[in-house]
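Peer 1: Starting off with a structure, shown below.
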């Protein structure tokens, strides 16, 4: 914002001043003359870069870099585990969770099996499916205690954050959605990979929302500051063209593979370009209007503006770009991916601010659009400057007290490593995590994976003793809740796997055959029961046979009487046949007998009489047979009682054998119970002090299936699944990583495994590497950025002390602003700061925090000829409103990150906004001028300055204007030729 003096005499330019050169420098002169072509060139750059390449959001999606720190031990460990077990080669994992309203049954299993079948068919996006629920041996490990949820782990193609990883997560969701779910059952796709894909998607949507809100805020603030719609629109044009050029150049370079992009880089680049571009527009327009306000012509005001702001814009831009580029030295991709895109984008924005801004100002001023609409007062800032130079020590003390508000909050700083807390709750991955939390604890779903790789086959009892020793050592670490491996697949020792049980091996063998002996005794009882049934049947058979014998005897008697009757009947019929034979012959002679009914009837009677002989013969034969049967039946009845007696003797023998066998079995059970009491006690206590697995156990089919899950195909490596007692994505969970490694190292010391390679990956291990890496990256980038800022400040101010003061106040501002952020987020809003916020906020605040001090000190350097105190007052009056407006706009721009769906960006943005507010309102307004006043001329060391105005010390040598002009020429000898000194108000 422009500032003018209140002296009426300064309103008219008057005659040419002695300190105003006639020939402006080459660069501003060329920009002034070629203003319109420069504007057109930048518009062409915007058009070309945004035409030849897709938009930045599209390029960021298709050319995103992986967020996995490939050199981190945890990531390398997971990759090694995948390659050793021949399962996967990426760090991209997902979890498919089945949740039912009721306990999952057969229908849920069929649904699950179909999902797994379709997933395994997609070999492009899926590398391995860890299916535990389909195997009864391991099903309990992947199902909740309430039986209402189960999950399957899926390893996807592509490292997290890369295009292939996001594509794989999307493909997995499509596969799951393509399978119709049974009623009451839902399938959720969640896990680290889908969560990161959702983060990228939320970031892409959020950047547009945040950009629109930022533009609206800037429009309102510029309209309030300048009270001119035209001025606001022209400044927005500067900002938008710079933003479009920066976006276009970065998108083009990214599209052609010259740099990688990320969600964070995309968000940060856009807002940094908008905020910095607005700041530079305020610097340019504010200084121009200030010069116009003191009576300079439009061209003179242009050159004054360029001389006063070009080095500030250049220094600020190089500081921001350089500090951002220092992030490329980091090892974590979260920070490293910000470096080059943001640095290149800021360089484009700075170049545009140095050329496009003045050129657009020239074009607008030609139409008299940029002249100040009102005369602004600087009395308030003069009074502040006067108070500071009068009481610098108390003012400095007050600023320190204000800084302590934030600094005192730093010791209570706590961080969080769980990314799900910083994404909207309605993202698909978070919905899946919420469903998992209803049935599982977070430690179970986010375990550590430990692999130990040796030089020999581990599938033998001796190596399993070492393995269980390692498992016990890890399990006994405070904070570890469960350790699963082949010796304890469900987290507890295998049954019958202790020496206490093995010591009763003989009794255990008897115990194993006792069941068969009991069955044998039971079979004897069954046999006795069957004999009883047989004897009862024999008694019934004897009674029936006796009845049959009696009946046969009576029948024989009747048959004999029937034979007598039949023989008498035969004789009588024979007599009748002899008497009627002639008549009978007639019936046979008659040819038509068949046609005569009475003839045929009588003929049939005679034929029937002929059969009486056969009947009599058969009855006689029957009588003879019945005689023989009547003789045999009593013999048959006599055979049955001996059989009954024999079966009774068998029954007695069987019952005797049963009594003996049952007695032996009872004694064997008693002996076995006493012999295996110690082993049973070890089993019930789940004691693992004396683990031992016999060789025959390795031949069990079930055990062989378990070996495939925990032992590598070549048998040289074993993996252990370690679950924490609490949330692994916390500082407490991270603290368990080193004890785990140390415990494993100590456990294998002096064993055949000594010298084995140890690999540890997982949630807490990954976040520990990120924590350690972020500390190192913060140190590297912080020192690099601070050194670069110091060098830039030293070159611009040419004062070692002033450069130190700028860097020192920025560092103090960092601590205070981060403390204020801790106070806001952790203590007021109740949300811990994400682990990335500290490093990102510090680097970004280092980049942008020196701008306003630089502008103040540059202006103070221009006014120092009037004396240190007077120059301080003038510098405060001349730059106060401009710097405050720029700082508030920059802070408001960063604060709009609060509307981002990514809470990480919201925390980073608000932290930077608090830092900018503190830097603008406290550091630049009070701390830096008070330090400059306290140090006096030493503030400018090694540059020599006069502590009092030239007019007071050299009055005898000539008039005030002439002497001051000569002194300014001496001071400007080190400046470039034809440099245009800034127009400055007189006091």
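Numbering (full-length UniProt numbering), first residue to last: 1 to 987.
Virtual Cβ for every residue (Gly too), placed ideally from N, Cα, C.
Residue 909 lies in the alpha helix (DSSP H); which residues open and close that run?
Peer 2: Position 909 of the chain shown, counted from the first residue, corresponds to residue 909. Where residue 909 is concerned, the enclosing alpha helix (DSSP H) stretches over 903-918.
Peer 1: Which of the three DSSP states, helix, strand or coil, is assigned to residue 834?
Peer 2: On the chain shown, position 834 is the one that residue 834 refers to. Here residue 834 sits in strand by DSSP.
Peer 1: Confirm, please, whether the CB-CB distance from residue 430 to residue 195 is below 9 Å.
Peer 2: By one-based count along the chain shown, residue 195 stands at place 195. By one-based count along the chain shown, residue 430 stands at place 430. Closer than 9 Å, so yes.
Peer 1: Around the C-beta of residue 929, are 16 or more other C-beta atoms found within 10 angstroms, so that it is buried, or is it exposed?
Peer 2: The sequence position of residue 929 within the chain shown is 929, counting from 1. Residue 929 comes out buried.
Peer 1: Can you name the start and end residues of the alpha helix (DSSP H) that residue 191 belongs to?
Peer 2: Indexing the chain shown from 1 puts residue 191 at position 191. No alpha helix (DSSP H) contains residue 191, which DSSP labels as neither H nor E.
Peer 1: Apply the 10 Å Cβ neighbour rule to residue 571 and answer buried if 16 or more other Cβ atoms are within range, or exposed otherwise.
Peer 2: Taking the first residue of the chain shown as position 1, residue 571 is located at position 571. Classification for residue 571: exposed.
Peer 1: Which residues share a DSSP beta bridge with residue 757?
Peer 2: Working through the chain shown from its first residue, we reach residue 757 at position 757. Looking at the DSSP assignment, residue 757 forms a beta bridge with 453.
Peer 1: Is the beta carbon of residue 705 closer than 9 Å to that of residue 451?
Peer 2: Within the chain shown, numbered from 1, the residue matching residue 451 stands at position 451. Within the chain shown, numbered from 1, the residue matching residue 705 stands at position 705. Not a contact, by the Cβ cut-off of 9 Å.
Peer 1: Note down the Cα distance separating residue 205 from residue 133, rounded to an integer number of angstroms.
Peer 2: Your numbering for residue 205 matches position 205 in the chain shown. Your numbering for residue 133 matches position 133 in the chain shown. Roughly 37 Å between the two C-alpha positions.
Peer 1: Are the beta-carbon atoms of residue 324 and residue 843 separated by less than 9 Å?
Peer 2: What you label residue 324 is simply residue 324 of the chain shown in a count that begins at 1. What you label residue 843 is simply residue 843 of the chain shown in a count that begins at 1. Against a cut-off of 9 Å, the Cβ pair of residue 843 and residue 324 comes out as a contact.
Peer 1: Buried or exposed for residue 92, going by 16 or more other Cβ atoms inside 10 Å?
Peer 2: Here residue 92 is taken as the residue at index 92 of the chain shown, counted from 1. Buried, because 16 or more other Cβ atoms sit within 10 Å of the Cβ of residue 92.
Peer 1: Would you report the Cα separation of residue 108 and residue 168, rounded to the nearest angstrom?
Peer 2: In the chain shown, the residue the question calls residue 108 occupies position 108. In the chain shown, the residue the question calls residue 168 occupies position 168. If I take the Cα positions, the gap works out to 25 Å.
Peer 1: Kindly identify the DSSP beta-bridge partner or partners of residue 723.
Peer 2: Your numbering for residue 723 matches position 723 in the chain shown. Bridge partners of residue 723: 482.
Peer 1: Residue range of the beta strand (DSSP E) that residue 288 falls in?
Peer 2: The residue you call residue 288 lines up with position 288 of the chain shown. Unbroken run through residue 288 is the alpha helix (DSSP H), 263-293; no beta strand (DSSP E).
Peer 1: Determine contact between the segment 273-290 and the segment 236-246, defined as no fewer than three beta-carbon pairs at a distance below 8 Å.
Peer 2: Yes, they touch.
Peer 1: Spatial neighbours of residue 858 within its chain, please: CB distance less than 6 Å, with the 5 preceding and 5 following residues excluded, ordered by chain position.
Peer 2: The residue you call residue 858 lines up with position 858 of the chain shown. If we look at residue 858 and ignore the five residues flanking it on each side, its Cβ neighbours are 312.
Peer 1: Quick check on the DSSP output: the beta strand (DSSP E) that includes residue 55 runs from which residue to which?
Peer 2: Taking the chain shown and counting its residues from 1, the one referred to as residue 55 is at position 55. From DSSP, residue 55 is part of no beta strand (DSSP E); its letter is neither H nor E.
Peer 1: Hey, is the segment 781-791 in contact with the segment 818-831, meaning 3+ C-beta pairs nearer than 8 Å?
Peer 2: Touching, no.
Peer 1: I'd like to confirm the pairing. Which residues does DSSP put opposite residue 711 in its beta bridges?
Peer 2: Here residue 711 refers to the residue found at position 711 when the chain shown is read from its first residue. Answer is 718.
Peer 1: Which residues does DSSP pair with residue 416 in a beta bridge?
Peer 2: Here residue 416 corresponds to residue number 416 of the chain shown, with the count starting at 1. Partner(s): 834.
Peer 1: Could you pull out every residue in the same chain whose Cβ sits closer than 6 Å to the Cβ of residue 263, ignoring the five residues on either side in sequence?
Peer 2: Translated into the one-based positions of the chain shown, residue 263 becomes position 263. Closer than 6 Å at the Cβ level, and outside the excluded window around residue 263, lie 200, 203.
Peer 1: Residue 468: buried (16+ other C-beta within 10 angstroms of its C-beta) or exposed?
Peer 2: One-based indexing of the chain shown puts residue 468 at position 468. Buried, since its Cβ has 16 or more Cβ neighbours within 10 Å.
Peer 1: Where does residue 762 sit, in a helix, a strand or coil, going by DSSP?
Peer 2: Within the chain shown, the letter at position 762 stands for residue 762. Reduced to three states, the DSSP call for residue 762 is strand.
Peer 1: Hey, could you find the ends of the beta strand (DSSP E) residue 96 is sitting in?
Peer 2: In the chain shown, counting from the first residue as 1, residue 96 sits at position 96. Counting along the chain, the beta strand (DSSP E) containing residue 96 begins and ends at 93-100.
Peer 1: Short check: CB of residue 914 to CB of residue 319, under 9 Å?
Peer 2: Stepping through the chain shown from its first residue, residue 914 is reached at position 914. Stepping through the chain shown from its first residue, residue 319 is reached at position 319. No, the Cβ-Cβ distance between residue 914 and residue 319 is not below 9 Å.
Peer 1: Please state the DSSP three-state secondary structure of residue 147.
Peer 2: For the purposes of this step, residue 147 is identified with residue 147 of the chain shown, where counting begins at 1. Of the three classes helix, strand and coil, the one that applies to residue 147 here is coil, per DSSP.
Peer 1: Mind checking whether residue 739 and residue 764 have CB atoms under 9 Å apart?
Peer 2: The residue labelled residue 739 in the question sits at position 739 within the chain shown. The residue labelled residue 764 in the question sits at position 764 within the chain shown. Not a contact, by the Cβ cut-off of 9 Å.
Peer 1: In or out: residue 117 buried (at least 16 other Cβ within 10 Å) or exposed?
Peer 2: For this step, residue 117 is matched to residue 117 along the chain shown. Per the 10 Å Cβ criterion, exposed.
Peer 1: Return helix, strand or coil for residue 185, following the three-state DSSP convention.
Peer 2: As a working note, residue 185 is residue 185 in the chain shown. Looking at residue 185 - three-state DSSP - the assignment turns out to be strand.
Peer 1: Let me check one thing: in DSSP terms, what residues is residue 488 bridge-paired to?
Peer 2: Translated into the one-based positions of the chain shown, residue 488 becomes position 488. Paired residue(s): 485.
Peer 1: Roughly how many angstroms separate the alpha carbons of residue 74 and residue 217, rounded to a whole number?
Peer 2: Here residue 74 refers to the residue found at position 74 of the chain shown. Here residue 217 refers to the residue found at position 217 of the chain shown. Whole-angstrom Cα-Cα distance: 43 Å.
Peer 1: Roughly how many whole angstroms lie between the Cα atoms of residue 758 and residue 453?
Peer 2: As a working mapping, residue 758 is identified with position 758 in the chain shown. As a working mapping, residue 453 is identified with position 453 in the chain shown. Approximately 7 Å between the Cα atoms of the pair.
Peer 1: In three-state terms, what does DSSP make of residue 66?
Peer 2: Residue mapping note: residue 66 aligns to position 66 of the chain shown, counting from 1. Coil.
Peer 1: Where does residue 155 fall in DSSP's three states?
Peer 2: The residue you call residue 155 lines up with position 155 of the chain shown. Here residue 155 sits in strand by DSSP.
Peer 1: Quick one: what does DSSP say residue 996 is sitting in, helix, strand or coil?
Peer 2: Outside the shown range of the chain (1 to 987) lies residue 996, about which nothing can therefore be said.
Peer 1: With DSSP run on the structure shown, which of helix, strand or coil describes residue 795?
Peer 2: Translated into positions along the chain shown, residue 795 becomes position 795. Correct three-state label for residue 795: helix.
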